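Going by full-length UniProt numbering, the sequence shown opens with residue 1, and the numbers climb by one from there.
Idealized CB from N, CA, C, for every residue including glycine.
Predicted, not measured: the structure shown is a model, and the values here were computed from it.
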Amino acid sequence: MLLILGSWLLLALVTTTLGWSAWRALADNRPAVLPLPLEVLSLAGVALLLVGLAPVSLVLPLGSGAVRGGLALLVTALLLGQRRALAAELRRWWAAPHPVAWWAGAGLLGLLLLALLLYQQGRSHNYDEQLYYLQTLHWLERFAVVPGLGNLHGRLAFNSHLFLGTAVFAIPTPTGTYYPLPTYLSVLLAAAAARGVARGIHADKAARTVSAGAALLLFGTYFYVFRSHLPSPAPDCALIIFLSFIFLLYSGFLGPYEVRGAAGRPRLLLLTLLSYVAVTIKLSALPILLLPLHGWWVAHRAAHVPTASGPANRVWPTLLGLGVVVFLPWLIRNLVLSGYPVYPLPGLPGLPVDWRMPPELVLIEQRLVTNIARDVLPAARYGPVETSWQQWLPRWWQYEAHNSPITTVLLVLAAVAPLVALWQAWRSAGLRKLSLSQPGWLSSWLVALAGGLFWFTLAPDYRFGAGFLLVLAFWPWLPLPLPRWLGTLMLTAVVVGTLQLMRDPVYGLRHPRPGAVAGLLWPTLPPLLPSRPVRLPGGQVVRVAVGELGPCGETPLPCTHAIVPGLEFRGNSLAEGFRVRPPAAQR
Numbered sequence: 001m002l003l004i005l006g007s008w009l010l011l012a013l014v015t016t017t018l019g020w021s022a023w024r025a026l027a028d029n030r031p032a033v034l035p036l037p038l039e040v041l042s043l044a045g046v047a048l049l050l051v052g053l054a055p056v057s058l059v060l061p062l063g064s065g066a067v068r069g070g071l072a073l074l075v076t077a078l079l080l081g082q083r084r085a086l087a088a089e090l091r092r093w094w095a096a097p098h099p100v101a102w103w104a105g106a107g108l109l110g111l112l113l114l115a116l117l118l119y120q121q122g123r124s125h126n127y128d129e130q131l132y133y134l135q136t137l138h139w140l141e142r143f144a145v146v147p148g149l150g151n152l153h154g155r156l157a158f159n160s161h162l163f164l165g166t167a168v169f170a171i172p173t174p175t176g177t178y179y180p181l182p183t184y185l186s187v188l189l190a191a192a193a194a195r196g197v198a199r200g201i202h203a204d205k206a207a208r209t210v211s212a213g214a215a216l217l218l219f220g221t222y223f224y225v226f227r228s229h230l231p232s233p234a235p236d237c238a239l240i241i242f243l244s245f246i247f248l249l250y251s252g253f254l255g256p257y258e259v260r261g262a263a264g265r266p267r268l269l270l271l272t273l274l275s276y277v278a279v280t281i282k283l284s285a286l287p288i289l290l291l292p293l294h295g296w297w298v299a300h301r302a303a304h305v306p307t308a309s310g311p312a313n314r315v316w317p318t319l320l321g322l323g324v325v326v327f328l329p330w331l332i333r334n335l336v337l338s339g340y341p342v343y344p345l346p347g348l349p350g351l352p353v354d355w356r357m358p359p360e361l362v363l364i365e366q367r368l369v370t371n372i373a374r375d376v377l378p379a380a381r382y383g384p385v386e387t388s389w390q391q392w393l394p395r396w397w398q399y400e401a402h403n404s405p406i407t408t409v410l411l412v413l414a415a416v417a418p419l420v421a422l423w424q425a426w427r428s429a430g431l432r433k434l435s436l437s438q439p440g441w442l443s444s445w446l447v448a449l450a451g452g453l454f455w456f457t458l459a460p461d462y463r464f465g466a467g468f469l470l471v472l473a474f475w476p477w478l479p480l481p482l483p484r485w486l487g488t489l490m491l492t493a494v495v496v497g498t499l500q501l502m503r504d505p506v507y508g509l510r511h512p513r514p515g516a517v518a519g520l521l522w523p524t525l526p527p528l529l530p531s532r533p534v535r536l537p538g539g540q541v542v543r544v545a546v547g548e549l550g551p552c553g554e555t556p557l558p559c560t561h562a563i564v565p566g567l568e569f570r571g572n573s574l575a576e577g578f579r580v581r582p583p584a585a586q587r
């Protein structure tokens with residue numbers, strides 16, 4: 001636990017420094033720009049870190065002293081160069097009043113952080129962590145991007161930029177490697193939840209709505225559903241955090257989010273950056289790009305923003321320029337890892353290079369993703385994808401209703417949500433308060449609807465679409481008035497539920513298993529899994545996990561679940577990558 005707490009403090013220092021420095025530079029000479037909450041600044045720092053590490057990963061291993069030392073020097077230089085501004089910010093915070101609502105929020109935050117800490121200390125139940133997350137991170141720590149790595153193991157070509165930042169902050173322990181960044185993102189959402197509750201307690205009765213608990217609702221649902229995945233470096237969980245913050249910001253649930261005029265330009269850039277980075281974390285977030293597009297459209301059409309000349313003409317160059325900075329290294333990494341610009345999409349033209357993955361291998365990975373998401377029987381998961389919804393939808397719905405009732409509840413709420421929106425329009429005597437010409441919950445909800453349809457059509461696994469499903473299910477309810485008694489009842493239910501969920505991990509700490517690592521020092525990490533050495537025709541040795549589609553975990557590199565016929569090294573070292581010889585050359 002001490003290691004977890006220390007890593008959270010380190011991440012808070014690094015990411016908040018990066019985000020705060022960038023925000024100061026953007027808001028310079030713009031006194032009308034409102035400050036951002038610390039958790040948003042820290043998330044912006046994480047996004048900037050991932051963007052900066054992407055080109056670095058093309059030439060350097062992210063676990064090297066050069067990368068970590070360079071990051072330490074950058075953070076130190078930013079702190080020293082802005083020490084007066086930092087001291088002024090600290091004095092301003094210390095002098096600010098801290099009413100009862102603030103202390104209530106601080107108490108709630110302490111409870112949520114304790115719950116996160118207890119579940120982070122335990123062992124992950126995410127199968128993908130052992131299957132390919134840990135192996136991907138070890139490759140990133142020890143090598144620059146490896147050509148044709150997907151030929152060794154198809155999942156190793158899944159290019160999530162979350163892994164870049166996760167690898168930099170890897171911490172070795174006596175029982176394995178600990179990766180604190182993904183769970184730290186959950187800490188940020190917990191901070192936003194506590195801040196929203198404190199704001200709701202402090203608000204006037206007329207201004208108090210359910211939206212004060214929006215972040216708490218997102219965090220509570222996320223924590224309940226994914227609590228067994230929290231210790232794993234899962235991109236699915238990180239994506240939910242990013243999408244939650246994007247929707248909370250644009251809906252105005254974390255405070256006013258004005259995007260018009262010069263004062264709104266920094267907030268638009270922040271929204272665009274977070275949305276772009278969310279897509280590089282997981283491609284299932286692609287529809288979130290509609291939200292910054294809507295924001296720029298709102299800013300462009302505002303009466304006080306020039307439309308023929310001036311700042312508005314710089315909108316598209318800004319969007320394209322930031323897109324090139326974020327997505328070009330992502331595309332290059334895809335091309336190097338698999339030979340394709342977007343993986344696993346074998347229909348796209350690939351590079352004419354020897355490390356390009358055979359199309360049949362890419363097609364297998366694509367089929368696995370879709371068929372597993374649609375709950376196809378294991379025997380048919382490698383077969384063609386069912387194109388008719390009448391074939392897979394009844395089976396998928398029956399499976400979800402039996403094994404994942406939370407998904408069923410979210411889908412039912414999402415189906416009812418349009419009626420709630422129309423009812424709100426009737427209550428407000430028209431559609432004035434539901435205008436699409438401004439940021440707000442309605443525009444966010446419509447983007448979430450597009451994301452939900454995208455998720456449902458391609459790969460309806462609840463992990464891939466939870467960020468959109470939560471907004472679809474809850475957003476139309478949040479502008480409703482919130483009586484104090486109901487708010488108190490809801491907050492009490494959250495506290496009691498959190499304490500109940502903490503019971504099992506507390507019992508595990510009080511009664512540790514024989515031979516278990518002391519939970520007060522470091523988290524419980526997965527054990528080393530069995531594997532066997534296999535020699536390739538070229539004489540090199542590759543370790544193969546035991547069992548069908550067996551996980552490698554932290555087995556020494558290189559490791560795979562099965563060796564593809566024709567697999568060979570491209571050179572004498574692992575850094576030169578892998579390729580698959582054509583069938584004719586294998587004879």
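Count the other CB atoms within 10 Å of the CB of residue 521; is the residue buried (16 or more) or exposed (fewer)?
Start at 1 with the first residue of the sequence shown, and residue 521 comes out as number 521. By the 10 Å Cβ count, residue 521 comes out exposed.
Tell me whether residue 573 sits in a helix, a strand or coil according to DSSP, three-state version.
Taking the first residue of the sequence shown as 1, we reach residue 573 at position 573. Reduced to three states, the DSSP call for residue 573 is coil.
Please classify residue 303: does DSSP put it in a helix, a strand, or coil?
As a working note, residue 303 is residue 303 in the sequence shown. In this predicted model, residue 303 has a pLDDT of only 46, less than 50, meaning its place in the structure is not dependable; the value taken from the coordinates is given anyway. The three-state reading of DSSP puts residue 303 in coil, since its state is none of H, G, I, E or B.
Counting C-beta neighbours from all protein chains within 10 Å, is the total for residue 103 16 or more, i.e. buried, or is it exposed?
Reading the sequence shown from its first residue, position 103 is the one you call residue 103. The residue in question, residue 103, is exposed, as its Cβ has fewer than 16 Cβ neighbours within 10 Å.
Where the alpha helix (DSSP H) containing residue 563 begins and where it ends
The residue you call residue 563 lines up with position 563 of the sequence shown. Premise fails: residue 563 is in no alpha helix (DSSP H) and is neither H nor E.
Roughly how many angstroms separate the alpha carbons of residue 327 and residue 276, rounded to a whole number?
As a first step, residue 327 is located in the sequence shown; it is residue number 327 there, counting from the start. As a first step, residue 276 is located in the sequence shown; it is residue number 276 there, counting from the start. If I take the Cα positions, the gap works out to 8 angstroms.
Taking 8 angstroms as the cut-off, does the region 125-136 touch the region 319-339 (at least 3 CB pairs, one atom from each stretch)?
Contact annotation: the region 319-339 does not touch the region 125-136, with fewer than three C-beta pairs closer than 8 angstroms.
Figure out for me which residue from 75, 352, 378, 194 has the closest Cα to the Cα of residue 45.
Against the sequence shown, residue 45 aligns to sequence position 45. Ranked by how close their Cα comes to the Cα of residue 45, the residues 75, 352, 378, 194 have 75 in first place.
Please say whether residue 445 and residue 471 have beta carbons closer to each other than 8 angstroms?
Reading the sequence shown from its first residue, position 471 is the one you call residue 471. Reading the sequence shown from its first residue, position 445 is the one you call residue 445. Yes. Within cutoff.
Measuring only the C-alpha atoms, how far is residue 140 from residue 62?
Numbered from its first residue, the sequence shown carries residue 140 at position 140. Numbered from its first residue, the sequence shown carries residue 62 at position 62. The alpha-carbon separation between residue 140 and residue 62 amounts to approximately 6 angstroms.
Can residue 477 and residue 541 be called in contact, C-beta distance under 8 angstroms?
Here residue 477 corresponds to residue number 477 of the sequence shown, with the count starting at 1. Here residue 541 corresponds to residue number 541 of the sequence shown, with the count starting at 1. Cβ atoms of residue 477 and residue 541: not closer than 8 angstroms.
Should the region 360-369 be called in touch with the region 340-349, which here means at least 3 C-beta pairs below 8 angstroms?
A contact exists between the region 360-369 and the region 340-349.
Inter-residue spacing [alpha-carbon to alpha-carbon] between residue 674 and residue 546:
The chain is shown from 1 up to 587; residue 674 falls before or after that span and cannot be answered.
Exposed or buried, what is residue 87 when buried is set at 16 or more other beta-carbons lying within 10 Å of its beta-carbon?
Position 87 of the sequence shown, counted from the start, is the residue given in the question as residue 87. Residue 87 is classed as exposed because its beta carbon has fewer than 16 other beta carbons within 10 Å across all chains shown.
Which of helix, strand or coil DSSP assigns to residue 61
As a position in the sequence shown, residue 61 is number 61, starting the count at 1. Correct three-state label for residue 61: coil.
Are the beta-carbon atoms of residue 137 and residue 166 separated by less than 8 angstroms?
Position 137 of the sequence shown, counted from the first residue, corresponds to residue 137. Position 166 of the sequence shown, counted from the first residue, corresponds to residue 166. Yes.
For the alpha helix (DSSP H) holding residue 394, just list the boundary residues, first then last.
In the sequence shown, residue 394 corresponds to position 394, counting from 1. 389-403 is the span of the alpha helix (DSSP H), which, as asked, contains residue 394.
Count the other CB atoms, across all protein chains shown, that sit within 10 Å of the CB of residue 422; report buried if there are 16 or more and exposed otherwise.
For the purposes of this step, residue 422 is taken as the residue at position 422 of the sequence shown. Taking every protein chain shown into account, the CB of residue 422 has fewer than 16 other CB atoms within 10 angstroms, so this residue is exposed.
Measure from the alpha carbon of residue 93 to the alpha carbon of each residue in 440, 35, 65, 497, then state which is nearest.
Taking the sequence shown and counting its residues from 1, the one referred to as residue 93 is at position 93. It is 35.
Taking the alpha carbon of residue 40 as the reference point, which residue from 12, 66, 527 has its own alpha carbon closest?
In the sequence shown, the residue the question calls residue 40 occupies position 40. Measuring from the Cα of residue 40, the nearest candidate turns out to be 12.
Looking at the unbroken beta strand (DSSP E) that takes in residue 211, where does it start and where does it end?
To locate residue 211, count along the sequence shown from 1; it is residue 211. For residue 211, there is no enclosing beta strand (DSSP E), as DSSP marks it with neither H nor E.
To the nearest whole angstrom, what separates the beta carbons of residue 578 and residue 538, a pair I think is in contact under 8 angstroms?
Here residue 578 is taken as the residue at index 578 of the sequence shown, counted from 1. Here residue 538 is taken as the residue at index 538 of the sequence shown, counted from 1. That pair is no contact at about 11 angstroms.
Per DSSP, the bridge partner or partners of residue 582
The residue given as residue 582 occupies position 582 in the sequence shown. Under the DSSP definition of a beta bridge, residue 582 lacks any partner.
By the DSSP assignment, the alpha helix (DSSP H) with residue 457 in it spans what residues?
The count along the sequence shown starts at 1 and reaches residue 457 at position 457. Note, residue 457: alpha helix (DSSP H), 441-458.
Between the Cα of residue 529 and those of 288, 554, 151, spot the shortest distance and give me the residue it belongs to.
Here residue 529 refers to the residue found at position 529 of the sequence shown. Of the candidates 288, 554, 151, the residue whose Cα lies closest to the Cα of residue 529 is 554.
Paired residues, beta bridge with residue 176 - DSSP
Taking the first residue of the sequence shown as 1, we reach residue 176 at position 176. According to DSSP, residue 176 bridges with 173.
What is the C-beta distance between residue 482 and residue 221, in whole angstroms, given that I count them as a contact (C-beta under 8 angstroms)?
Your numbering for residue 482 matches position 482 in the sequence shown. Your numbering for residue 221 matches position 221 in the sequence shown. Not quite, the Cβ-Cβ distance comes to about 18 angstroms (not below 8 angstroms), so this is no contact.
For the alpha helix (DSSP H) containing residue 235, list its first residue and its last residue.
Here residue 235 is taken as the residue at index 235 of the sequence shown, counted from 1. Per DSSP, residue 235 belongs to the alpha helix (DSSP H) from 235-251.
Excluding five sequence neighbours on each side, which residues of the same chain lie with their C-beta closer than 8 angstroms to the C-beta of residue 460?
For the purposes of this step, residue 460 is identified with residue 460 of the sequence shown, where counting begins at 1. Scanning its chain for C-beta atoms nearer than 8 angstroms, with the 5 sequence neighbours on each side dropped, one finds around residue 460 the residues 373, 374, 396, in chain order.
How many angstroms separate the CA atom of residue 299 from the CA atom of residue 110?
Working through the sequence shown from its first residue, we reach residue 299 at position 299. Working through the sequence shown from its first residue, we reach residue 110 at position 110. Straight through space, the alpha carbons of residue 110 and residue 299 are spaced by roughly 38 angstroms.
So, using beta-carbon positions, are residue 190 and residue 254 closer together than 8 angstroms?
Within the sequence shown, numbered from 1, the residue matching residue 190 stands at position 190. Within the sequence shown, numbered from 1, the residue matching residue 254 stands at position 254. No, they are not a contact pair.
Going by beta carbon distance, what residues of the same chain come within less than 6 angstroms of residue 188, once the five residues before and after it are set aside?
Translated into the one-based positions of the sequence shown, residue 188 becomes position 188. If we look at residue 188 and ignore the five residues flanking it on each side, its Cβ neighbours are 39, 42, 43.
Check residue 376 in the structure and name its three-state DSSP category.
Counting from 1 along the sequence shown, the entry for residue 376 is found at position 376. Note: residue 376 maps to coil in three-state DSSP.
Three-state class that DSSP yields for residue 554 in the structure shown
Residue mapping note: residue 554 aligns to position 554 of the sequence shown, counting from 1. Coil, per DSSP.
Under 8 angstroms by Cβ, that's how I've got residue 236 and residue 68 pegged, so tell me the actual separation to the nearest angstrom.
For this step, residue 236 is matched to residue 236 along the sequence shown. For this step, residue 68 is matched to residue 68 along the sequence shown. Separation of the CB atoms of residue 236 and residue 68 is rounded to 26 angstroms, and the pair is thereby denied contact status at 8 angstroms.
Going by DSSP, which residues form a beta bridge with residue 255?
Position 255 of the sequence shown, counted from the first residue, corresponds to residue 255. Residue pairing by DSSP places residue 255 opposite 253 in a beta bridge.
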